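Inspection log for the structure reproduced underneath, given as structure tokens.
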Amino acid sequence: MPSRLSMTLQGLAVSALTAVGSVVVWTKHSHFEPMDLATDPTIKSLLFSKFNPNKNPPFYDVCVRRIPLSKLDTELIEDARKGGSKLVERFAQGIWAGRGFTIQRLLENYQHKNETTKHQLWTKRDLRESTYPIGTELADHFNVVDRPNSTAILFRCGDSPLKSPDGPRPSDGLFEMSAETNFDSGFAEFRLKTIFYQGEGKAEKAPFAGEWFMPWVHRVYARIWMETGVGNCKKGMFVIE
Ligand SMILES: *[C@@H]1O[C@H](CO)[C@@H](O)[C@H](O)[C@H]1NC(C)=O
Ligand SMILES: *[C@@H]1O[C@H](CO)[C@@H](O)[C@H](O)[C@H]1NC(C)=O
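Following this note's numbering, the numbering of the sequence shown begins with 4 at its first residue and continues without gaps.
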């Protein structure tokens, strides 16, 4: 179960951002797609079975945003054509250094930055410059656990990366950012996939089963992150303030 704290953080961040702007209009280009648990590569991965050994039911959602390649930074598109990973890295930089994550980042800084966690990424600048190799830890709440291919970065979330790094923990999640280019259709597709589960012990129900509020807050948060991430990949547009 993702910790209540992190859910409170999401709620605070969402309400603050909702108050300042018309989030609905700003984020209207994203939609949510169904996910097939039987075939999804993250659910099928060894990492997921390691962190969720009892196969507890997960909460999940997938936020998707399509955008014409012509709107994106040419350098990133040329790199993608050669099989490079700069597009998904720029997407991640935009999300972590962007304003959608600012409130949670500052609260995490305040509560969890100390001698033990100072090697992690905490500042906007660090988050904007990292290329997110496996092992990167940020804001004591996310760490890169896999780079399955050149278009995806897989983070672990839901608790501190220092807690049970190689085994299950009560509050856990996997969060994948991906950016794929399709040169035939002329579009890029950005995705944010969230999977939350109770890793330790046995759970009958998925986190938030039967609830509507937290899933809704989470979707708003994902849509906001999507815009700051994609915005950072656009031509001549560094939206990071
Ligand atoms: C990259 O890996 C992710 C996660 O395993 C998968 O969903 C995606 O389809 C892969 N993309 C490509 C282009 O192979
Ligand atoms: C630093 O913060 C982490 C995360 O909150 C905590 O687990 C750890 O005990 C703290 N360490 C010190 C030395 O305060």
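Idealized CB from N, CA, C, for every residue including glycine.
Fair warning: this is a prediction, and the values are worked out from it, not measured in the lab.
One or two residues paired with residue i in a DSSP bridge
i	result
Arg93	Looking at the DSSP assignment, Arg93 forms no beta bridge with any residue, so it has no partner.
Pro71	Phe190
Gly176	Cys160 and Phe199
Ala155	Asn152 and Ser181
Glu36	Val65
Asn146	Glu140 and Arg159
Leu124	Leu141
Alpha carbon of residue i to alpha carbon of residue j, nearest angstrom
i	j	result
Asn235	Gly97	5 Å
Leu40	Gly14	27 Å
Ala16	Val223	10 Å
Val26	Gln123	30 Å
Arg68	Ser33	5 Å
Ala89	Glu183	As written in the sequence, residue 89 is Lys, which differs from the Ala given in the question. Cα to Cα, the separation comes out at about 11 Å.
Trp228	Lys196	12 Å
Trp215	His221	10 Å
Lys74	Lys237	6 Å
Lys47	Thr231	29 Å
Coil, strand or helix - residue i by DSSP
i	result
Pro44	helix
Leu141	strand
Phe54	helix
Ser18	helix
Lys238	coil
Asn117	coil
Leu165	coil
Pro60	coil
Ala212	coil
Asp129	helix
Tyr135	coil
Integer-rounded CB distance, given that residue j should sit under 8 Å from residue i
i	j	result
Glu111	Asp76	So it is not a contact: roughly 29 Å between Cβ atoms.
Cys66	Ala212	About 20 Å; that fails the 8 Å criterion.
Phe199	Gly170	Between Gly170 and Phe199 the Cβ distance is about 17 Å, and since that is not below 8 Å, they are no contact.
Pro2	Ala209	Residue 2 falls outside the range modelled here, since the chain spans only 4 to 244, and no answer is possible.
Exercise. Hey, which residues come within less than 7 Å of ligand 2, measuring from Cβ to any heavy atom, in chain order?
Worked result: Gln114, His115, Asn117, Glu118, Thr119, Thr120, Asp143, Ser163 and Leu165
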